[in-house]
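Numbering (the numbering used here), first residue to last: 721 to 843. Think of the CB as a built atom: it goes at the ideal place given N, C-alpha and C, for glycine as much as any other residue. Each remark here refers to the structure printed beneath this line.
So, in structure tokens, the structure goes:
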């Protein structure tokens, strides 16, 4: 990671409630924030991310120090992209525990690091 003030974070779902809160927290901590958004709105500091298109995720994660993902996606597209390309990701989404177990089983030769939020209690 680079020096203070030069650190960068991609926040997936930056226009959502949780994503917006994450953006504000990192901006307050003086990180350069890249907002991962679903719509190509042309706003500076944003990156188009379609979780159903892995190539958009790969392009968005390139060159950032950290990715924060509050968006649950059944394919774990962002998590897989970070594991494949390298980097670090903190996943704070609500996802089934089985998805996390499946991801762990698939990632014996990962280049990146993914921290998954523990799944909640079973219903």
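Reference residue i; option with closest CA among the options
i           : options               : result
residue 737 : 748, 832, 789 and 751 : 789
Pair within 8 Å by beta-carbon distance, residue i and residue j
i           : j           : result
residue 799 : residue 771 : no
residue 808 : residue 833 : yes
residue 769 : residue 756 : yes
residue 730 : residue 781 : yes
Three-state class that DSSP yields for residue i in the structure shown
i           : result
residue 824 : helix
residue 803 : helix
residue 784 : coil
residue 753 : strand
residue 729 : strand
Where residue i falls, given that 16 or more other Cβ within 10 Å makes a residue buried
i           : result
residue 835 : exposed
residue 815 : buried
residue 813 : buried
residue 806 : exposed
residue 819 : buried
residue 749 : exposed
Inter-residue CB distance, residue i and residue j (contact presumed, cutoff 8 Å)
i           : j           : result
residue 765 : residue 777 : With a Cβ gap of about 18 Å, residue 765 and residue 777 do not count as contacting.
residue 803 : residue 830 : 4 Å
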